[in-house]
Amino acid sequence: MSLQGMMVHECDIYHLQKKELPGKYGQPGETVYSYNETPDIADQGCYFAENVATAAPDTIQSSPNQLNTEQMKVLFMPDTDVRHNDKVIKKNTNVTYYIRNPFPVVHPLTGEVNHIKAIAERKSEPWLAK
70 MSLQGMMVHE CDIYHLQKKE LPGKYGQPGE TVYSYNETPD IADQGCYFAE NVATAAPDTI
130 QSSPNQLNTE QMKVLFMPDT DVRHNDKVIK KNTNVTYYIR NPFPVVHPLT GEVNHIKAIA
190 ERKSEPWLAK
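The numbering used here puts the first residue of the sequence shown at 70, with every later residue one more than the last.
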């Protein structure tokens, strides 16, 4: 099986955008971080390593809200432009993940990049839901 054949999932990738708002009354402006409404990369092939020992679901029961987090590995092709803090929406489930620490996996003998491995983090917090 080729690496391209292993990328059975599809996702939309949104890059984190930094925007400087103008200041008022001689004060410096505010820096605002947000994601675009339209994906920067649409229908990107990827592989979410679900239901394996590396997936780590966790629930923190607190008052008044419950925090559910889940972390799993996600693989991308080597030419994918994926960055830290990118928002990824998995196509078949419409679940939002945030990418943490993407790094290229290099073949030890040839030195070429085989694929990109990252941690996909899912948080379900009531105040994050729109």
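Cβ coordinates follow ideal geometry from the N, Cα and C atoms, glycine included.
Exposed or buried, D175, counting other C-beta atoms within 10 Å across all chains shown (16 or more means buried)?
Before going further, note that residue 175 is Val rather than Asp in the sequence given. Looking at its Cβ environment, which holds fewer than 16 other Cβ atoms inside 10 Å, V175 is exposed.
What is the residue span of the beta strand (DSSP E) that Q73 lies within?
Premise fails: Q73 lies in the alpha helix (DSSP H), 72-75, not in any beta strand (DSSP E).
What residues in its chain sit with their C-beta under 8 Å from that of Y83, if we drop five residues either side in the sequence?
So the list reads Y104, N105, P108, D109, D155, K156, V157, I158, once near-sequence residues are dropped.
Bridge partners - Y167, DSSP secondary structure assignment:
DSSP lists K156, E190 as the bridge partner or partners of Y167.
Tell me whether F172 is buried or exposed, calling it buried when 16 or more other Cβ atoms sit within 10 Å of its Cβ.
When all chains shown are included, F172 counts as exposed.
Alpha-carbon spacing of G180 relative to D148, whole angstroms:
The straight-line gap from Cα to Cα measures roughly 15 Å.
Under the assumption that Q140 contacts E190 (Cβ atoms under 8 Å), give the Cβ distance between them as a whole number of angstroms.
The pair is a contact, with the Cβ atoms about 5 Å apart (cut-off 8 Å).
Skipping 5 residues on each side, what residues in its chain have a beta carbon closer than 7 Å to that of E99?
For E99, where only same-chain residues beyond five positions count, the Cβ hits under 7 Å are L90.
Would the beta-carbon of D81 fall within 9 Å of that of K160?
Yes, these two residues count as a Cβ contact at 9 Å.
Under the three-state reduction of DSSP, which class applies to L178: helix, strand or coil?
Coil, per DSSP.
For A187, count neighbouring C-beta atoms within 10 Å of its own C-beta (all shown protein chains included) and say buried if the count is 16 or more, exposed if not.
Flag for A187 reads buried.
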